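Here the sequence shown stands for residues 23 to 496, numbered as in this note's numbering.
Remarks on the structure that follows.
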Amino acid sequence: MLWACIRLPHLALDAVLRRVEDTTAPLALVTGPAQLRSLHAVNAAAAEAGLRPGMRLTAAHALCGQAALHEHDPDNDARAHRFLAAWAYRHSSLVSAQWPGAIVLEASASFRLFGPWPQLEAKLRRELDALGFQHRIALAPTPRAAQVFAGLRDGYVLFEPQTLPATLDRIPIRRAALPDDAGTRLHRMGVRSLKELRALPRDGVRRRFGLALLDHLDRLYGSVDDPLDYYQPPDHFDARVEMSYEVESHQALLFPLRRLVRDLAVYLSARDGGVQRFTMRLEHETGHTDVAVGMLAAERDATLLMDIARNRLEQASIDRPVTGLRLLARELPPFVPAARDLFDTRPSQAMPWPQLRERLRARLGDDAVYRIAASGDPRPERAWQRAGVEEDAACIAPAPSRPPRPAWLLPQPVPLRSSGLRIVSGPERLESGWWDDGDVRRDYYVLETAQGQRAWAYAEPGKRDGWMLHGWFA
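Here it is in structure tokens:
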């Protein structure tokens, strides 16, 4: 087995920056008690202005008063960590997020699907860049070795298990990710590398540092199995963005909504599922407003979901300032991709009907899109009825077998006054409507005019004059 470790050195900062429109402006995370506020992390623009992690807030104000300040929220870090575990689940069935600031996944089983390690690594980096997370990646035969290598050098790769011990022996003791403060304590004792640590008597190391250090070494070198806490995707999606100011317009909500929808699409892809209904919750100072989004079939395309959500949001009224936006999806049915022919001649830019249908319903309203179904009534003006698009076509009664009908049916029959009419076929007698005061008795004929047009007209039963035109054949 080969394990890939993705180190996230700036997880807390990236979790905030990916929800900020202008990432080039100075920004810092603030932590600590009210009287001793300090900077937890800063972005590149703030660092250029002289801000540093650990700096007192008063000094930061003096150096860069225009820097945007955000409260550091450990819960937000944990949510971002879980989100990245869900993202990694798209690439491997064995994913662990048990170590803070790191994601570990078994990679060798994914080579058959994504190609050899260089291709898989490039794919991971592209997607992490698109998601907005800085990262360091390494590959090794054990998950703990991959974690150590990722902390030492980005892109480090070690395929052969037999060369792992010799490689690890050269690792500095303080860079070996030892539990607690064991690395610092060993360094003060004069131990400089893992090789020197392994040369010490195990009993003495156990008495001084506990069994946890020896267990870590055995799992690091692959001497024993390393049982990880594997990630299992939850059965619902719940994500939230807190606004830095009160929002009173739909336009200002589109940026955080787009980020939440993309996160939802990543989550759905990891579960290999779709979403049919979700809720946009607009949080106010007191209370909230829910905007429901429903589709006729499960979808997971980020562009389609965003278009539908935006149209639904624009139709909602914002009567109070919005302080937070939350996306909730609890009904997550299986996703069945639309079947397409291998030699489909449809243009590449053409949109499949299910996606077009959802866009039209979101933009025009649920009642604006419908289907036409047979009603079973033989009267031409009542032979069809309006049916909802959500009804299964198999549940709608098929039209009864009848002679050909014209493509153009007039709203009301009109007298047909033309000379040289020739009867092509007929009569077809229709008698119906006695139960609803719309009783009709007609003999329908297909007539050909002197100009070659084919008309659908009727006369009273037993007569062949006084024609009433009801439609035209193409």
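For every residue, glycine included, the Cβ atom is placed at its ideal position computed from N, Cα and C.
Just so you know, these numbers come straight off a predicted model, no measurement behind them.
Check                                                                                                                                        : Outcome
Could you check where the beta strand (DSSP E) with D260 kicks off and where it finishes?                                                    : F259 to V269
I need the straight-line Cα distance from W109 to R207, nearest angstrom please.                                                             : 37 Å
Rounded to a whole number of angstroms, what is the C-alpha to C-alpha distance between Q473 and V462?                                       : 30 Å
Kindly identify the DSSP beta-bridge partner or partners of R302.                                                                            : What sits at residue 302 in the sequence shown is Met, not Arg. DSSP output for M302 lists V313 and L349 as bridge partner(s).
Give the DSSP bridge partners of D478, in chain order.                                                                                       : Looking at the sequence shown, residue 478 is not Asp but Trp. The partner list for W478 (beta bridge, DSSP) reads V468 and G493.
Go ahead and pull the three-state DSSP assignment for V283.                                                                                  : helix
What's the C-alpha gap between A416 and A320?                                                                                                : Bear in mind that a pLDDT of 49 at A416, under 50, signals an unreliable position, so the model cannot answer this.
Under three-state DSSP, which class holds L378?                                                                                              : helix
Could you tell me the alpha carbon to alpha carbon distance between L452 and Q475, rounded to whole angstroms?                               : 23 Å
To the nearest angstrom, how far is the alpha carbon of A204 from that of L216?                                                              : 12 Å
For W430, which of L491, E380, S440 and P449 has the nearest alpha-carbon?                                                                   : L491
Would you report the Cα separation of E502 and R230, rounded to the nearest angstrom?                                                        : Absent from the model: residue 502. The displayed extent of the chain is 23 to 496, so no value can be given.
Determine contact between the region 89-107 and the region 25-35, defined as no fewer than three beta-carbon pairs at a distance below 8 Å.  : yes
State the DSSP-derived secondary structure class of S118, mapped to helix, strand or coil.                                                   : strand
With 16 as the cutoff for other CB atoms within 10 Å, does S118 come out buried or exposed?                                                  : buried
Under 6 Å Cβ to Cβ from V38, same chain only, skipping five residues before and after it: list those, please.                                : H92
Give me the Cα-Cα distance between L499 and L242, rounded to the nearest whole angstrom.                                                     : The structure shown has nothing for residue 499, since the chain only spans 23 to 496.
Specify, as a first and last residue, the run of the alpha helix (DSSP H) that L233 falls within.                                            : L233 to Y243
By alpha-carbon positions, which one of A396, A107 and E380 ends up nearest to A390?                                                         : E380
When DSSP labels each residue in this structure, what does L222 get in the three-state scheme?                                               : coil
Less than 8 Å between C-beta atoms, sequence neighbours within five positions excluded: which residues of the same chain meet that for A261? : R101, F105, L282, D285, L286, R348 and L349
Based on Cα-Cα distance, which residue from L233, V315 and P449 lies nearest to R385?                                                        : V315
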